[in-house]
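Undergrad: In my numbering, the protein residues as written are 2 to 140.
This is the structure, below, for whatever I ask next.
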């Protein structure tokens with residue numbers, strides 16, 4: 002079931018987010034991600050966060066800011082490939098007229114996932130902190 006974020010969800014969402022982000026973007030140094038953990042913890046409550054809960058446990062979440070910027074869809078690694086990310090993305094598409102996000106070029110799994118749901122690559126840029134190429138993708 003998909004529900005709105007509750008403040009006590011934050012630690013579990015961050016844990017799932019960091020783990021799934023690093024798995025999809027293993028070329029990013031883990032110490033850099035750790036340094037940004039506290040910043041993410043402060044920023045997430047400002048986003049619209051949708052939580053996918055299964056048997057009373059959080060299995061994934063999607064976060065959207067600024068009326069359509071998709072911060073990410075993160076699913077517990079052990080729950081991936083079961084349609085949870087798809088359900089979260091479809092839910093976000095019902096809430097916003099348009100969505101956009103940035104995805105690292107090297108993260109072909111993420112790029113292909115978004116393309117499958119109608120997103121299109123509209124630009125390419127270099128991420129300021131990581132120095133990696135990323136696509137600007139819109140729906």
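For every residue, glycine included, the Cβ atom is placed at its ideal position computed from N, Cα and C.
#1: Note the first and the last residue of the continuous beta strand (DSSP E) segment covering residue 55.
#2: Does the beta-carbon distance from residue 51 to residue 93 come in below 8 Å?
#3: Among 100, 126, 133 and 23, which one has its Cα closest to the Cα of residue 65?
#4: Bridge partners of residue 72, per DSSP?
#5: Go to residue 105, then tell me how far its alpha helix (DSSP H) extends in each direction, as first and last residue.
#6: Give the secondary structure of residue 124 by DSSP, where H, G and I count as helix, E and B as strand, and everything else as coil.
TA: From the atom records:
#1: Numbered from 1 along the chain shown, position 54 holds the residue referred to as residue 55. Unbroken beta strand (DSSP E) run through residue 55: 49–55.
#2: Translated into the one-based positions of the chain shown, residue 51 becomes position 50. Translated into the one-based positions of the chain shown, residue 93 becomes position 92. Cβ distance < 8 Å, so residue 51 and residue 93 count as in contact.
#3: The residue you call residue 65 lines up with position 64 of the chain shown. The candidate whose alpha carbon is nearest that of residue 65 is 100.
#4: What you label residue 72 is simply residue 71 of the chain shown in a count that begins at 1. Looking at the DSSP assignment, residue 72 forms no beta bridge with any residue, so it has no partner.
#5: Position 104 of the chain shown, counting from 1, holds the residue named residue 105. No alpha helix (DSSP H) contains residue 105, which is instead part of the beta strand (DSSP E) from 101–105.
#6: In the chain shown, the residue the question calls residue 124 occupies position 123. In the structure shown, residue 124 falls within a strand segment according to DSSP collapsed to helix, strand and coil.
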